[in-house]
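Data first, discussion second: the structure below is written as structure tokens.
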Amino acid sequence: MAEAAVQTRVAGARVRSRMRRRRSPLGVTGRYALLVGIALVYVFPFVVSLANSFKTDQDAANNPVSLVPKTFTTAAYQRLFQSDLPLWLTNTVIVTVLVTAGRVLFDSMAGYALSRLPFRGRNAVFAGLVAVMAVPGVVLLIPKFLVIKQLGIYDTYPGMILPMLADAAGVFIMRNFFESVSPSVEEAARIDGAGVFRRFWSVVLPMSRSALITLFILSFQASWNELPQMIVSTQSPRLFTLTKGTAQLASGALSAGSQFPIKLAAATLMTIPVAVLFFVFQRRMMNTTGGATKE
Amino acid sequence: MKITRRALLAAGAVLTATATLAACSSGGGFGSPAASASSSAVSSDNHQPLTILIGTSGDAETNAVKDSVAAWSKQSGTQATVNVASDLGQQLSQGFAGGNPPDLFYVTNDSVATYASNGSLEPYVTQLKNKDSFYPSLVKAFTVNGKEYAAPKDFSTLALVINTDMWTAAGLTDKDYPTTWDQLEQVAQKLTTPQHVGLAVSGQFERLGVFMAEAGGWLVDDNGKAAASSDANVQGLTYAKKLLSEGAMKYSSQLGAGWGGEAFGTQKAAMTIEGNWISGAMTKDYSSVKYKVVKLPAGPKGEGTIQYDGGWGMASQSKNKGGALDLVTYLTQPDQQLGFAKAFGVMPSVQSIADQWKQQFPEQTAFLDGAASSKSIPSVAGISDVIKNFDSQLDGLSSTDPKQILDKVQTNLQALPGLS
Amino acid sequence: METVMARAAGTTSAPARSATRRGPGIRGRDGVAGWLFTAPVLVILGLFLVLPIAMAAWVSVSSWSGLGSPFSSTVKFVGGANYAALLAKPGLAQSDFGTSLRNNAWYVLLVVPVQTAVSLLLAVLVNRRIAGQGAFRTAYYFPSVTSSVAITVIFLFLFSASGTVNAVIGWLGGTGPGWFTETRGVVQLLLQAVGVHAPAGNGFLGLTWFDWVAGPSPAMLVFIVMAIFTTSGTFMLIYLAALQQIAEEIDEAAVMDGAGPWKRFWYVTLPMLRPTTFTVVTLGLIGTWQLFDQIYVGSKGGPANTTLTPAYLSYSQSFINNAWGRGAAIAFILFAIIVLFTVLQRLALRERTPRRRRSHG
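Chains as they are written, first to last, in the numbering used here: chain A, 835 to 1129; chain B, 30 to 449; chain C, 10 to 370.
Right, dumping it as structure tokens:
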């Protein structure tokens, strides 16, 4: 039965690539025009922030949408690099790596269990998951701080990392992803007598690469950009992350001017790693068609 | 429906856990609530290190404060660390809730009542040796229910900022700086061209309120009771409405600007009403614009403006109040304040160096001159919501009866504790 | 652990297990494994999310003012007073809350359907094998990773009175509104254009009925556009993952009945994507009802409170006014609204599901 499924799948993929070329609702030109048009709109804000990060404060305040700096300057970047940027970067990388690893593993395990492993209380767990997402985070800042402090992990790496190791939305995404996947492949492994852990590890996970990569990218992005949690869990400058450091650099009253260049330079620096990562990994999403049974 | 019932059950289970946690905590981490702030003299262990939390306007301010604190630290032998807040409000709230707030921190006169109302602030000002050197109006701005909560560190007032090129282009000279409402109206009309409007202000009470003050009104009367719907206030807003309807004045938002300074800096307006923070913004963002600052014109009841005050708040939970008191005394000394003024352009809170400051910043004298006739936002908890609501009504001032707006403000004010 | 699993497995016979997936597993090895698999998440979320929620719930019925622990002996239980101030007692607190709900409701109503449709469109567009596919995908994902400060700054400029958008409207012969100054709702503006004016009358939560239907203000409309712009990339990702997974099944179906591309999309792809749509709509509902960051950075609720949202109000009540109880109460009323909406949409999506996946098993 598994063999047959593989056959159909491979055949299907071949048919598909032929069909795609034959039937397209729009002409090729039309489709590209649409793709390029949307892409330009979507990249625009990034280009504007990149351009403005090389302007002087004056220029940025007066001509924010111009894409060409009047006088090209790297002052904003110099100021960023003169600060504790290397330290902030190190902390951000530590947090991001651990949090991303934790989330991908724990969220997918829980998502799998909620979708495929019938256990008592499963519905309650799922309902609870949706419920906790529904409480606005802003009201939880102080209580979360009190919990972190009570556990004795305030102003430490565990305090920064532990609370972020799992997220309800990630579990929710994975659970619903497994719901949309046909359980037939796994069923075959089950008949072969594979245990739950083996089934999950060697059948389900490899088959879910596209969803795992999605979760990976979302987790990376979330932990890389996290600010409120960092304010809640730390105070010493030694534990500053990029977001906390730049938030502080760019803070200030009206008298400090608008400081667009430094804010946007920080935004640009923080955007690029996520964008590069996405570019690299999105390719792998495509190659998963056929999942475990291919290759 | 199932979801909610289960969620409730789960919540119940968690509540139990929370109660347990709370029980454990009473002995340890959370600590007991702070001792009543009103009691006895400031006294404590003078060797406990101090932490100071500031919301900075930039490196200049950060470094100046750090240097001063370091100098004090060396002199007193007490360790002191200056931290720069990423989000001052949140970090203070965490400190107060967790029982370890910074010993000293920035407060503004419109937030002092909020922190004072729950006992977070130590009313230490009476014990300051240099208490009498401050402008009395500043000390008053930090007074809540008769207690003086924060030593003023600097302040700002609103004044009239004029684009000198546009001024000359309209055929106006130094003699034409407006000193009355009528004159302000006339020059604003003259300065209005298709390219720019005569006067631009942020459409908020925090700016338009100057007209209420100049007409002899204010949100509260001399006894501190709500008085928003007074005739004087109606007169003030009616004047502002007239300027708006003539087109001589516009809200900065109508010009696509975030605040008056932006409308002024981008040359969409020839005049604006702003505080001395505008000089920093002009230098950094709009240095090509030449401008002059003059006092606001007098209204029917004389001169009037609004002041905004910064001060040093001391946590009632501080473990070294003696040291903190000593540090505040040091930081508010005339020579320190003059140093801060030079470093980041604030107006000192002590009267004795007013002349030195004016010599240092001749172009900004009008701001300091305003101190004599300025009013501050009443320090009452909950006032910010009332003002926000007021602001949103002022948005429609050009098409609304000022009396109607002020009546609603009066109702809202009367709902606040102690104002009715 | 292994032995426990083995013993548990011994209680059910192999054929029974494979025949019905849902029956005996509950007590069997799947049951234990289910709890083991969810344990890490449950512990972390329990400690750092559920516990804080419970504390916030206590705060919402207490007199806590922000000084010291909310569990100290000086903090009193005040019952439903904080909730009553918002829901039952006429005054500033009530009308501010009513305004924030009105604003946010319009935001949700417009953002959720559009962002779902746009992200699906994007996913379908870049799912095909085309030259430059990676670049297009990355481009569409860009607004999702660019900092919210940067995007907010740019949008504020684009939509300023003399900004790009109004310039374009000008070329087209129209007059753009003052995006961040106009305080009337867009529905109201349209009605006034045809001569209908606001009637006086009763209302709900301190607002007249007309206030409720007046529509989002132009400023809120800008945030609506911005939300669609910044979230569609993220949701595109989720759709993309699902499209990849079901690709071959779609083709099988299509080959069988020889359907055209539109038909195939409508009758095959879309129904198969239903769990994903459930994900996207649920996350969308939750995210939009909690609108905070953009307001905090961009407008602080202005102009004239037309972009005030419950989450921002909760923040300002707590952190600016020290009215922690009321701030928490706002959050829990919002929580109830979100749960209600989630349950409703779950029912709506489930109703039309013809149980297609089960037929595979």
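Backbone N, C-alpha and C fix where the C-beta goes; we use that ideal spot for every residue, glycine too.
Buried or exposed: residue i, going by 16 or more other Cβ atoms within 10 Å of its Cβ?
i	result
A64 of chain B	Since pLDDT at A64 of chain B reaches only 38, below the 50 mark, its modelled position is unreliable, and no value is offered.
W180 of chain C	exposed
S1070 of chain A	exposed
A961 of chain A	buried
T49 of chain B	The pLDDT assigned to T49 of chain B is 41, lower than 50, so where the model puts this residue is not dependable, and the model offers no usable value.
V43 of chain B	In this prediction, V43 of chain B scores a pLDDT of 42, lower than 50, which makes its location untrustworthy; the coordinate-derived value is nonetheless stated afterwards. Burial call: buried.
V135 of chain C	buried
Q912 of chain A	exposed
A179 of chain B	buried
Q389 of chain B	exposed
S1160 of chain A	This structure cannot speak to residue 1160 of chain A, because chain A is shown only from 835 to 1129.
T278 of chain C	buried
F59 of chain B	Note that F59 of chain B scores a pLDDT of 37, beneath 50, so its modelled location is shaky; the value from the coordinates is reported in the next line. It counts as buried.
Q916 of chain A	exposed
A256 of chain B	buried
N305 of chain B	buried
S887 of chain A	buried
H225 of chain B	buried
Quick check: the Cα distance between residue i and residue j, rounded to an integer number of angstroms?
i	j	result
A327 of chain B	A223 of chain C	41 Å
W319 of chain C	P1107 of chain A	Note that residue 319 of chain C is Pro in the sequence shown here, rather than Trp. Taking the straight line joining both Cα atoms gives about 34 Å.
T85 of chain B	G399 of chain B	25 Å
F396 of chain B	F301 of chain C	36 Å
R812 of chain A	T926 of chain A	Look at the range of chain A in this structure, 835 to 1129, and you will see that residue 812 of chain A is not part of it.
G374 of chain B	G148 of chain B	32 Å
S71 of chain C	A332 of chain C	10 Å
V379 of chain B	K417 of chain B	31 Å
K437 of chain B	D220 of chain C	18 Å
E275 of chain B	E1060 of chain A	49 Å
L1046 of chain A	S1053 of chain A	10 Å
T208 of chain B	A188 of chain B	12 Å
Y280 of chain B	S231 of chain B	5 Å
L284 of chain B	L200 of chain C	26 Å
Q212 of chain B	L272 of chain B	12 Å
L1076 of chain A	D314 of chain B	25 Å
D1026 of chain A	T990 of chain A	47 Å
A340 of chain C	I62 of chain C	10 Å
T286 of chain C	T125 of chain C	8 Å
Interface residues of chain A around residue i at Cβ under 8 Å?
i	result
A126 of chain B	I976, F979, L980
Closer than 9 Å by beta-carbon distance: list the chain A residues that pair up with residue i, in chain order.
i	result
S327 of chain C	V972, V973, L975, I976
A295 of chain B	The residue asked about is misnamed: residue 295 of chain B is Thr in this sequence, not Ala. Those within 9 Å of T295 of chain B in chain A are A895, N896.
D39 of chain C	A947, R950, L951, P952, F953, V1030
How would you list, in chain order, the residues of chain C whose beta-carbon sits under 7 Å from the beta-carbon of residue i?
i	result
F1050 of chain A	Chain C residues near F1050 of chain A: none, gap ~10 Å exceeds 7 Å.
G227 of chain B	What G227 of chain B touches in chain C: nothing, since even the nearest Cβ is about 17 Å away.
T1117 of chain A	Looking at the sequence itself, residue 1117 of chain A is Arg, so the reference to Thr does not match. Within chain C, the residues near R1117 of chain A are G143.
Identify the contact partners of residue i in chain C, using a Cβ-Cβ distance below 8 Å as the criterion.
i	result
M1104 of chain A	S156
For residue i, which residues in chain B fall below 7 Å Cβ to Cβ?
i	result
F189 of chain C	S282
K1078 of chain A	S115
Q912 of chain A	Going along chain B, no residue has its Cβ under 7 Å from Q912 of chain A, so there is no contact; the nearest lies around 13 Å.
Which residues of chain B have a Cβ atom closer than 9 Å to the Cβ of residue i, listed in chain order?
i	result
Q1063 of chain A	Those do not exist, as Q1063 of chain A stays about 12 Å from chain B at its closest Cβ, beyond 9 Å.
How about residue i: is its Cβ closer than 7 Å to a heavy atom in the ligand COA?
i	result
V111 of chain B	Judged by which ligands are present, the structure shown has none, so any question about the ligand COA falls away.
Quick one: list the residues of chain A neighbouring residue i, beta-carbon separation under 7 Å, in chain order.
i	result
S122 of chain B	I976
Within 8 Å of chain A by C-beta, residues of the stretch 98–114 of chain B in sequence order: N112, V113, A114
What residues from the stretch 395–419 of chain B come within 8 Å of chain C, judged by C-beta to C-beta, listed N to C? Listed by position along the chain: A410, G411, S413, D414, V415, K417, N418.
Entirely within the stretch 89–168 of chain B and at least 4 residues each: give me those alpha helix (DSSP H) ranges in chain order. 117–127, 141–146
Positions along the stretch 202–218 of chain B whose CB lies within less than 9 Å of some CB in chain A: none
So if I threshold CB-CB distances at 8 Å, which residues from the stretch 340–351 of chain C count as touching chain A? A340, F341, L343, F344, I347, V348, T351
At 3 residues or longer, and completely inside the stretch 274–354 of chain B: list those beta strand (DSSP E) runs for me, N to C. Listed in chain order, the complete beta strand (DSSP E) runs (minimum 3 residues) inside the stretch 274–354 of chain B are 278–280, 298–303, 320–323, 334–343.
Alpha helix (DSSP H) segments (min. 4 residues) lying fully within the stretch 994–1069 of chain A: Fully enclosed alpha helix (DSSP H) runs of 4 or longer: 1002–1014, 1018–1025, 1043–1058, 1062–1067.
Taking a cut of 8 Å between CB atoms, which residues from the stretch 1008–1023 of chain A lie near chain C? So the list reads N1010, F1011, E1013, S1014, V1015, S1016, P1017, S1018, E1021, given in the order they occur along the chain.
Curious, which full-length beta strand (DSSP E) runs of at least 3 residues does the stretch 171–254 of chain B contain? 180–186, 188–192, 226–230
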